[in-house]
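Some notes on the structure that comes next.
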Amino acid sequence: MQKERLFMFGFTLWKRHFIKPFFKAKDNEIIFLNSIKSLVRYKLKEDDKFFIWGKRIDYNALKTTLIKKAQDENLLHFTPKISLVEDGFIRSISLGSDLTRPFSLIVDDKGLYIDPNKASKLEELLQNEIFDENILNRAKNIIKILLENRFSKYNGLKHENLKINAKIGQKVILIPAQVEDDASMILGGFGLSTLDLLKEVRSKNQDAYIIFKPHPDVLSGNRVGLKDETLILEFCDEIVKDCSIDSAIKIADEIHTITSTSGFDALLRAKKVFTYGMPFYAGWGLTKDKHKCERRTRKLSLEELVAGALITYPRYINPKTKTLCEIEVCLDIMLNLQKVYFSKKHIKLAIDFKTFMLRKIRRFYEFLAKK
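Right, dumping it as structure tokens:
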């Protein structure tokens, strides 16, 4: 059987290291390119496939280039097969910005799930798929596993029993911060910043006790976001940092977010979720939404949302064997890794030191890239 050629655009050097198992690298030829112009070195084949990380390469520009190139090369039956790639919803123990290998990836040939301006494969799945009893039972079990083990997208922070100064009976609102230049904010946030969100939530909830949780990527110094505590405390009552998102959600009555996956985590934990952008989990009757997506007309159960977003949509990799697997296998391995990370101090110390060094290398690389 002839190998397929998979052209990868916008994948940084460290992403190239982990990406191959998700695309069966042994069975296919993977070609990494930095720009569309680099295609000039290759003669197209009709079964070629093309992948873009997030929005690093313009989708329409690539499509136009491929169509013209196919015409020039007299490929009469060529149709551009382009997919967009992003992190999955259950990602890893440590942060992605710390160059940590992910357990899951999204590969979507319709659009990005973080972009509500165009239907993604996930949106079409949630809108149209009839989920059978078997997959809904799997979804129930996955929700149970996630809640019992307090899993979320990143799982490298300890769970704490937070004590806050809210009065008895006072409504507690959690605002999980986001990375300001993240694609989900740019594409699905309707121009709202984290500070804008803080101001709006406070203006509508004068008597509430509002907790703000900075984004871990911002706290680590890896990404840009709101971290001016004096400014933050003008609109909220308390800032919580060194704890898991599960710990913060646990003490809240409501979660207010622009597009954060923390809103999805909160839905799994039966919390009221208010969205001010249009994340993938909004518009299905499970959240209170400021905006509306006209394409999303179906009312979903939580199990249907999980069946689509966690079971059917992503690709999962077994971090031990580097082979594709189901989410249940991935969660079981992740639980064992997390137990080792938190219970064995020497292993945690080694991993944390590696993370520290990788952050230094990342910043040096970014510094050189700006020169």
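So the sequence shown is residues 1 to 371, counted in UniProt numbering.
Positions of the beta carbon are idealized from the N, C-alpha and C atoms, including for glycine.
In this structure, DSSP gives His-291 a state outside helix and strand, which the three-state scheme calls coil.
Each of Lys-121, Ser-262, Ala-166 was checked against the Cα of Ser-247, and the nearest Cα belongs to Ser-262.
Unbroken beta strand (DSSP E) stretches of 3 residues or longer found wholly inside the segment 228-286: 254-257, 272-275, given in chain order. If you draw a 10 Å sphere on the C-beta of Glu-86, you find 16 or more other C-beta atoms in it, and that means buried.
Between the C-alpha atoms of Ala-307 and Pro-314 there is a straight-line separation of about 11 Å. A check of alpha carbon separations from Asp-181 across Ser-193, Leu-174, Gln-170, Lys-171 identifies Ser-193 as the nearest. Between the alpha carbons of Arg-296 and Arg-41 lies a gap of roughly 42 Å. In the DSSP assignment, Ser-83 is bridged to Phe-51.
Separation of the CB atoms of Ile-19 and Ile-327 is rounded to 19 Å, and the pair is thereby denied contact status at 8 Å. Unbroken alpha helix (DSSP H) runs of no fewer than 4 residues, entirely contained in the segment 124-203, are found at 133-149, 183-188, following chain order. Going by C-alpha positions, Lys-45 is about 50 Å away from Ile-249.
Taking C-beta atoms as the reference points, Leu-187 and Leu-112 count as a pair closer than 8 Å.
The continuous alpha helix (DSSP H) containing Thr-64 extends over residues 59-72. Excluding the 5 residues flanking it on each side, Lys-110 has same chain C-beta neighbours closer than 7 Å at Ala-119, Ser-120, Lys-121, Glu-124, in chain order. Non-local C-beta neighbours of Asn-141 in its own chain, meaning closer than 8 Å and more than five positions away in sequence, comprise Glu-328, ordered along the chain. The residues Leu-33, Ile-52, Ile-57, in chain order, have a CB closer than 6 Å to that of Phe-9 in the same chain once the five nearest residues on each side in sequence are set aside.
Looking at the backbone, the Cα of Leu-174 and that of Trp-284 are separated by about 22 Å.
Of the residues assessed, Lys-153 falls on the buried side of the cut-off, its CB having 16 or more other CB atoms within 10 angstroms.
Around the Cβ of Arg-16, a 10 Å sphere holds fewer than 16 other Cβ atoms; the residue is exposed. Selection Val-179, Phe-235, Pro-216 evaluated against Glu-200 yields Phe-235 as nearest (Cα-Cα). Nearest neighbour of Met-278 by Cα position, chosen from His-291, Ala-266, Thr-64, Phe-212, turns out to be His-291. Rounded to the nearest whole angstrom, the CA to CA distance from Pro-80 to Asp-265 is 36 Å. Counting of Cβ neighbours within 10 angstroms places Ile-130 among the exposed residues, the total staying below 16. DSSP lists no bridge partner for Thr-297. The Cβ neighbour count for Leu-13, taken over all protein chains shown within 10 Å, is under 16; the residue is labelled exposed.
Residue pairing by DSSP puts Cys-325 in a beta bridge opposite Tyr-316.
Collapsing the DSSP output to three states places Asp-207 in coil.
Boundaries of the alpha helix (DSSP H) around Ile-19: 13-19. For Val-306, the enclosing alpha helix (DSSP H) has its first and last residue at 302-306. Looking only at Cys-330, Ile-67, Ala-177, the smallest Cα-Cα distance to Tyr-276 is reached by Ala-177. Residue environment analysis places Ile-317 among the buried positions, since at least 16 neighbouring C-beta atoms fall within 10 angstroms of its C-beta. With distances taken between CA atoms, Ala-166 lies nearest to Ile-211 out of Leu-267, Arg-202, Ile-211. Put simply, the backbone Cα of Glu-4 is about 8 Å away from that of Ile-30. Close CB contacts of Glu-160 within its chain, under the 6 Å cut and outside five residues either way in sequence, are with Cys-243, Ser-247 (chain order). Ile-245 and Phe-23 have their C-alpha atoms some 31 Å from each other.
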